[in-house]
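Residue numbers (our numbering): 3 to 228.
For glycine and all other residues, C-beta sits at the position ideal for the given N, C-alpha and C.
It should be emphasised that the depicted structure is a prediction, and the values quoted were computed from it without experimental measurement.
Comments concern the structure below.
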Amino acid sequence: MNVYSRCVLHKPHGPYEKYIKRPLDLTLSLLGITVLSPVLAVTAVLVRIKLGSPVIFHQERPGRNGRIFKLCKFRSMTDERDADGNLLPDEDRLPPFGRKLRATSLDELPELINIIKGDMAIVGPRPLLVRYLPRYNERQARRHEVRPGFTGLAQVHGRNSISWEEKFEWDVKYVDEITFLGDFKILLDTVKVVFRRDGISSATSATMEEFMGSEGQQADQVLQKD
Numbered sequence: 003m004n005v006y007s008r009c010v011l012h013k014p015h016g017p018y019e020k021y022i023k024r025p026l027d028l029t030l031s032l033l034g035i036t037v038l039s040p041v042l043a044v045t046a047v048l049v050r051i052k053l054g055s056p057v058i059f060h061q062e063r064p065g066r067n068g069r070i071f072k073l074c075k076f077r078s079m080t081d082e083r084d085a086d087g088n089l090l091p092d093e094d095r096l097p098p099f100g101r102k103l104r105a106t107s108l109d110e111l112p113e114l115i116n117i118i119k120g121d122m123a124i125v126g127p128r129p130l131l132v133r134y135l136p137r138y139n140e141r142q143a144r145r146h147e148v149r150p151g152f153t154g155l156a157q158v159h160g161r162n163s164i165s166w167e168e169k170f171e172w173d174v175k176y177v178d179e180i181t182f183l184g185d186f187k188i189l190l191d192t193v194k195v196v197f198r199r200d201g202i203s204s205a206t207s208a209t210m211e212e213f214m215g216s217e218g219q220q221a222d223q224v225l226q227k228d
């Protein structure tokens, strides 16, 4: 069964979420692209020189209610492959320049385009990989009741240094408590995290380990295959 068929339709918690959050996201994103256009231009040139083309990396990600959209990011990895043509592990394809992009979150700036288009919000659960969709349990799937975000509670409470289960708990907490003051605090905390460069990598990976499902969910998947 698709986990999203079991999700309760999300109802906005108040006037901010219902009437203000989306117009504010649109306004701030348009302003951000205008103000940061020199940074975007310089970063694009450096990516082209250091990593080659394409400069902008597009990847399908699930958004609100599991709807698929194309996420925009600056490229931070190479396309190096092994003798059989398979992509090398992330840590082998992430050069020093790519690490700096991720550490400063500059690679995320093209997501402002996704926010303008309505695929994302400034604050919300981060958009993950499409292949994770069937691996969520019912509670974890609730992260898709709202638009995914440029930043979120999980990003300011450990980012990639915390477990998947902890991340999803922060995501669900956000879905249940969306407020203007809460979003404002997350933005302020995000600035602090970026300057401190906290939680860029997990303890065992250059980025984050693959999410294979929580223990109970993994057992359910094995039974379904049998």
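Check: What are the uninterrupted segments assigned as beta strand (DSSP E) that are 3 or more residues long and contained completely in the stretch 49-119, given in chain order?; Outcome: 58-64 and 70-76
Check: Mark K13 as exposed unless 16 or more other C-beta atoms lie within 10 angstroms of its C-beta, in which case mark it buried.; Outcome: exposed
Check: Could you check the C-alpha separation between L11 and P56 for me, to the nearest Å?; Outcome: 38 Å
Check: Measure the alpha-carbon distance for E140 versus F170 and round it to whole angstroms.; Outcome: 11 Å
Check: Just tell me which of I188, I51, L89 and R104 has its CA closest to the CA of I124.; Outcome: I188
Check: Would you identify the three-state DSSP class for G184, choosing helix, strand or coil?; Outcome: helix
Check: To the nearest angstrom, how far is the alpha carbon of D191 from that of A85?; Outcome: 44 Å
Check: What are the start and end residues of the beta strand (DSSP E) that includes F152?; Outcome: G151 to T153
Check: Could you say which of R149, P136 and R198 lies nearest to E113 if we only look at CA atoms?; Outcome: R149
Check: Of the choices L90, K72 and C74, whose alpha-carbon is the least far from that of T80?; Outcome: L90
Check: If you draw a straight line from the C-alpha of L131 to the C-alpha of R63, how long is it?; Outcome: 5 Å
Check: Could you say which of Y134, E211, I117 and V195 lies nearest to R24 if we only look at CA atoms?; Outcome: I117
Check: Using the rule of at least 16 other Cβ atoms within 10 Å of the residue's Cβ for burial, across every protein chain shown, is M3 buried or exposed?; Outcome: Legend: pLDDT at M3 = 40, less than 50; position of this residue unreliable, value from coordinates given subsequently. M3 comes out exposed.
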